[in-house]
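All remarks here apply to the structure that follows.
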Amino acid sequence: MANKPLDTKLLDRAIIFAVYAHAGTERRGKGFPYIVHPMEAVSIVSTMTSDQELLAAAVLHDTVEDTNVSVEDIRCAFGDRIASLVADESDTFEDGMSEEESWHGRKQAAIERLSKASRDAKIVALGDKLSNMRAIAQDYAVKGDSLWELFHEKRRSEHEWHYRGLADALRELKDTAAFQEFERLINQIFHGTD
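Add 1 to a position in the sequence shown, counting from 1, and you land on the number used in my numbering.
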């Protein structure tokens, strides 16, 4: 008996949408197209679920935060559930504050939002956060503590606080290979720090 083909129309549309939204942008200091990060995030999410809406949200997760796409644009193109998942994963910026000045407050709000979020939202977030942690681990192996100079927040201790807070907020997913890798990388990067 032949397998029924997987219906990926929604995910395919989301990938195309994300490619266009992120067109011409580079992943900060990496020298490669930004879209590589959302594609890695969706790959990670696919290890935890085959839900096409969660996969679509994973590939779209940075469109509202990092492009001129709005949550309403996502809602019109992909529906309420995906728009809500993308909104849950998007930082909110305060008027009149630089990214540096608002960093801690935005990250604290994100941790609090994530700790109360649905399992679905946590799955999408873990795809993003693990992709980020993989990149940090690769760069840290080469650059050591000079890596933190590339970020809006330069203090290693703040990054450790942020990622350990995210791990606590995502602990509901502790039985997944993705969470276990995320926590292992956090401990690898921040071992022996206060």
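Think of the CB as a built atom: it goes at the ideal place given N, C-alpha and C, for glycine as much as any other residue.
Since glutamine 189 and alanine 138 should fall inside the 8 Å C-beta cutoff, what is the C-beta to C-beta distance between them, to a whole number of angstroms?
Residue numbering aside, residue 189 sits at position 188 when the sequence shown is read from its first letter. Residue numbering aside, residue 138 sits at position 137 when the sequence shown is read from its first letter. Contact flag correct, Cβ pair sits at about 6 Å.
Would alanine 170 and isoleucine 124 qualify as a contact pair, given that the criterion is a beta-carbon distance under 7 Å?
Counting from one through the sequence shown, the residue named residue 170 turns up at place 169. Counting from one through the sequence shown, the residue named residue 124 turns up at place 123. It is not a contact, given that the beta carbons lie outside the stated cut-off.
Determine the DSSP secondary structure at proline 34, reduced to helix, strand or coil.
If you number the sequence shown from 1, residue 34 lands on position 33. Strand, per DSSP.
For aspartate 13, report the span of its alpha helix (DSSP H) as first-last.
Start at 1 with the first residue of the sequence shown, and residue 13 comes out as number 12. First-last of the alpha helix (DSSP H) with aspartate 13: 10 to 22.
Mark lysine 108 as exposed unless 16 or more other C-beta atoms lie within 10 angstroms of its C-beta, in which case mark it buried.
One-based indexing of the sequence shown puts residue 108 at position 107. Buried, by the Cβ-count rule.
Starting from the C-beta of histidine 163, find all residues in its chain whose C-beta is less than 6 Å away, skip the five residues before and the five after it, and write them out in chain order.
The count along the sequence shown starts at 1 and reaches residue 163 at position 162. Excluding positions up to five away in sequence, the list reads Lys108.
Where glutamate 113 falls: helix, strand or coil (DSSP)
Within the sequence shown, residue 113 is the residue found at index 112, counting from 1. Reduced to three states, the DSSP call for glutamate 113 is helix.
Identify which residue in Phe18, Asp67 and Ala42 has its Cα closest to the Cα of phenylalanine 183.
Locating residue 183 in the sequence shown gives position 182, counting from the first residue. Out of Phe18, Asp67 and Ala42, Ala42 has the C-alpha closest to the C-alpha of phenylalanine 183.
Would the beta-carbon of proline 39 fall within 7 Å of that of aspartate 63?
Taking the sequence shown and counting its residues from 1, the one referred to as residue 39 is at position 38. Taking the sequence shown and counting its residues from 1, the one referred to as residue 63 is at position 62. Yes, they are a contact pair.
Beta-carbon gap between valine 87 and leucine 61 smaller than 7 Å
As a position in the sequence shown, residue 87 is number 86, starting the count at 1. As a position in the sequence shown, residue 61 is number 60, starting the count at 1. Yes, the Cβ-Cβ distance between valine 87 and leucine 61 is below 7 Å.
Comparing C-alpha positions only, which one of Leu12, Tyr21 and Glu27 sits nearest to alanine 59?
Residue numbering aside, residue 59 sits at position 58 when the sequence shown is read from its first letter. For alanine 59, the nearest C-alpha among the options comes from Leu12.
Residues near glutamate 199 in its chain [Cβ-Cβ closer than 6 Å; skip 5 each side]
Outside the shown range of the chain, which is 2 to 195, sits residue 199, and nothing can be said about it.
Can you tell me where the alpha helix (DSSP H) with lysine 130 in it begins and where it stops?
Indexing the sequence shown from 1 puts residue 130 at position 129. Looking at the DSSP string, the run of the alpha helix (DSSP H) that includes lysine 130 is 120 to 144.
According to DSSP, residues forming a beta bridge with glutamate 27
Start at 1 with the first residue of the sequence shown, and residue 27 comes out as number 26. Pro34.
Measure the alpha-carbon distance for leucine 174 versus leucine 186 and round it to whole angstroms.
Start at 1 with the first residue of the sequence shown, and residue 174 comes out as number 173. Start at 1 with the first residue of the sequence shown, and residue 186 comes out as number 185. Each residue's alpha carbon lies about 16 Å from the other.
How close, in whole Å, do the beta carbons of glutamate 159 and histidine 105 come, if the pair is a contact with beta carbons under 8 Å?
Against the sequence shown, residue 159 aligns to sequence position 158. Against the sequence shown, residue 105 aligns to sequence position 104. Contact flag correct, Cβ pair sits at about 7 Å.
Return the residue from the list Ala78, Ala118 and Arg14 that minimises the CA-CA distance to serine 91.
Locating residue 91 in the sequence shown gives position 90, where the first residue counts as 1. Minimum Cα distance to serine 91 is reached at Ala118.
Between leucine 127 and alanine 179, is the Cβ-Cβ spacing less than 7 Å?
One-based indexing of the sequence shown puts residue 127 at position 126. One-based indexing of the sequence shown puts residue 179 at position 178. Contact flag set, yes.
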